[in-house]
Every structure is written in structure tokens, then in C-alpha cells.
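Residue numbers (this note's numbering): 72 to 394. Every residue, glycine too, gets a C-beta built ideally from N, C-alpha and C.
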Amino acid sequence: MPSAQSPARSHDQITVQPGPIDPTHWHALPEGTPIPLQQHWLYGLALQSVGVPIYQWQIEDTDGPLGFALVARRRFLRLVSFDTLLRGPLYFRDRAKSTNAVHKALRRKSNPWRWRFLLQQPELLDDTATTQALKTAGLRQVATGYSTAWLDLRPEPGVLRAALVGKWRTQLRAAEKADMQISIGGHKAHHYAWLLEKEAAQRSARSYQATPLELVPLYQATAEHAGEPGILSVTAMSGRRRIAGAIFLLHGNSATYHMGWVGEEGRSTGAQNRVLFEAMCALRQKGISFLDLGGINTAEGAGIARFKLGTGAAPVTYTGSWI
């Protein structure tokens, strides 16, 4: 693939071609590029395995391959085609001067007159320059930005610990002194099945919806078939009682904090702080460089947001959804 040092190139002649998922493209991404779950080939293959049409759109300019994106397609009444591009594209080289041209080219893949629509949710910061570039590309914003926090796991564990917010670090020390055992697994269903049960009970009690629980075993099965790591689960035990735990989905050099649970005993001992920090260290040992802590909502989920940001990660808000 072209390097970041390619000679001068034109950004106005961008082409987009749909094709099959090719995992080799992810290996050609620049080192240090976090990969969102929704743009990793394992996620695409997992959805394909249950009948969701997923395509890999190749993006090229006059110098050759520029980037690519995974796009999901849904059809309604056999007439309306609705494509969704979440948290992409990914780029082989600098895309700063290409934003307008790339998203204009992507927009051309839709055609409302033929009932073909494309929803784009790019991994671009919610700022004036991004908004102007997308509007100039002919896009219209239909939803506000998504907020998350990326945590860089490349520093040594001692540096990661030092970056923790003071109160969070105090709670971690208390949990490390408590009568608590930590179990790390993930590749076997019994490692995480109990967490799915807890999550199902939480959703029922609080009447909220989220990503289907079936995604976890489906994702692990897809990863296992491909010979890739898929899941890391961390469980905190007090004696024979499970008091806290979390599930992480692994995707290339990145991982996502997918779901967690803590009981009353775990809250009193800071168990979930230890679960997350043990996960950070375990993921790092597996070669994971970046951890996506998932949605940050300081209004409706202030407590969860404070817990995630207590790791020292800074929140980022992306530009939202455009059509």
C-alpha cells in the first residue's frame, strides 16, 4: 500500500468500489491506528454469518488505494436499500486533505431517486472544520455526535496506574487488598455466560435496549473459526461468589469494553476498578494497543462515565450521523 510519504496527489478524483471482505487490508493500516469494532473484519464476518449483507468498500485516488470501509446493507419491501457506514472509513495514509472528496464520493453511492440511501457516521471529531467539510460534500446531519473514550494501552503498567484519577486509584488499591480473586478467560462460553445472564436481568429491570446479547458468542465463534482472539472476560470472585466482571471484544490492535456488571459486595470493595485495570494489563499483554471504553453519557449515565474516565482516558465526541 502507498506510504504516508507518497508524492503529491490529487484528492478530487476519488472512486469507491464495493467488494468482499479482505482481512489483509487491515494489516496494511499505519501502525498506531486505533480500529473501531464496527470497522474490523471480524465484526463484518460475524454479521455476515447470520445473514447481514456486509461489504468492503475500496476507496482510491489517483495515487492508488487510499482507504476502505465496512458497510452494512438492509432492504425494506425489496425496494428501499439502506446502507450504513459506522465509524469509518479507515485510511492507509493521511486523509486530512481528503475528507471532503472522500465523503462526496461515498455520497455518490446513494441515489434517493432509486431508493438507495447511505448513512455515514465517520470517526471524525465534532468540530467546525469537520462540519463544514461534510456539508460541502453535500451531506446533511441527521443525528448528533457519539462520545466515547480511547485509552492508550501501550505505556508500561506502572505508567497506566499513575495516569488513573486519584479516587479511582485509591479504590483500586482497596480492591487489591480485599479478599478477592481475579479470573481471566474468554474463549470458553462458561467464562462469560454468567455475565450475559446478569446483563439480560439488568436490561429487564431497567427497561433499556442495547446491542443484542447474541453478538458475544457469535463474535467468539467467528474469531475462533478465523484463528483469532475474540473475547477477553474478567471475573472478580469472593470465595465462590462472582461479585463483578466485564467482557471485552478484541479487534486487531484494539478492544472494546462491551459490557460489565458489579453486585453490591463488589461495589463496596471497588471490585469493578480492579476488573478494569486487570483487563487493561491483560489486553496489553495480548498485544492490544487501544481500548475503546464505549459510550460516554455524562447526563443520563454520569456514574458510568466517571468510572470510565477515571482510567485517565479523555472523552472524544465524533461528528454524528450524516446522510
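Any idea if residue i is buried or exposed, counting beta-carbon neighbours within 10 angstroms, 16 or more meaning buried?
i	result
LYS206	exposed
LEU224	buried
PRO160	buried
HIS111	buried
THR369	exposed
GLN273	exposed
TRP239	buried
SER325	buried
ALA208	buried
TYR279	exposed
PHE378	buried
VAL121	exposed
ALA271	exposed
LEU354	buried
LEU150	exposed
ALA373	exposed
LEU148	exposed
ALA246	buried
ALA307	buried
GLY138	buried
GLY115	buried
HIS261	exposed
HIS296	exposed
GLN356	exposed
ALA75	The predicted position of ALA75 is uncertain, since its pLDDT is 40 and thus under 50; no value can be drawn from it.
GLU268	exposed
ALA99	exposed
GLN88	exposed
Check whether the Cβ atoms of residue i and residue j lie closer than 7 Å to each other.
i	j	result
ALA315	VAL346	yes
ILE85	ALA176	yes
GLU194	ARG244	no
THR282	LEU108	no
LEU156	ALA172	no
LEU235	GLY383	yes
GLY323	ILE130	no
ASP154	LEU189	yes
LEU391	ALA204	The sequence as given places Gly at residue 391; Leu does not occur at that position. Their beta carbons are not under 7 Å apart, which means GLY391 does not touch ALA204 by this criterion.
THR388	ASP197	yes
TRP393	GLN212	yes
ALA294	PHE319	no
LEU286	TRP332	no
PHE163	PRO136	yes
Within its chain, find whatever has a CB closer than 7 Å to the CB of residue i; leave out the 5 residues flanking it on each side and keep chain order.
i	result
PHE63	Residue 63 is absent from the structure shown; the chain starts at 72 and stops at 394.
ARG187	SER152 and SER181
HIS82	Bear in mind that the predicted position of HIS82 carries a pLDDT of just 44, short of 50, making it too unreliable to give a figure here.
SER309	ASP250, MET251 and GLU336
ALA200	none
GLU102	none
ASP93	GLN127
Suppose the cutoff is 6 Å on Cβ atoms and the five residues either side in sequence are ignored; what does the same chain contact list for residue i look like?
i	result
GLY257	ILE302, LEU303 and SER304
GLY216	ASP197, THR388, TYR389, THR390 and GLY391
CYS352	PRO228
ARG145	PHE153
GLY38	No answer is possible for residue 38: the residues shown for the chain start at 72 and end at 394.
MET330	GLU270 and ILE318
PRO386	SER218, ALA220 and ILE367
Excluding sequence positions up to five away, which residues of its chain have a Cβ less than 8 Å from the Cβ of residue i?
i	result
GLY90	TYR126, GLN127, TRP128 and GLN129
LEU118	ILE125 and ALA143
*asked:* Quick test of the definition: if touching needs 3 or more C-beta pairs under 8 Å, does the stretch 124 to 133 touch the stretch 299 to 311?
replied: no
*Stretch pair the stretch 212 to 231 + the stretch 345 to 365: three plus CB contacts closer than 8 Å*: yes
*Does the pairing of the stretch 327 to 343 with the stretch 246 to 263 give three or more beta-carbon distances under 8 Å?*
Counting Cβ pairs under 8 Å, three or more are found: they touch.
*Minimum length 4: unbroken alpha helix (DSSP H) runs contained in the stretch 305 to 391*: 335 to 340, 342 to 356 and 373 to 380
*Output the residue ranges of the alpha helix (DSSP H) runs that lie fully inside the stretch 91 to 124 and measure 4 residues or longer, sorted by chain position.*
95 to 98 and 112 to 119
*asked:* Is it the case that the stretch 227 to 244 contacts the stretch 289 to 298, given that we only count it when at least three CB pairs across the two stretches are under 8 Å?
replied: Taking a cut-off of 8 Å for Cβ pairs, the stretch 289 to 298 and the stretch 227 to 244 do not touch, as fewer than three such pairs fall below it.
*Starting from the N-terminal side, write out each stretch of the beta strand (DSSP E) that is 3 residues or longer and does not extend beyond the stretch 141 to 191.*
151 to 157
_Sequence ranges, beta strand (DSSP E) only - wholly within the stretch 191 to 268, length at least 3_ = 212 to 214, 218 to 223 and 252 to 256
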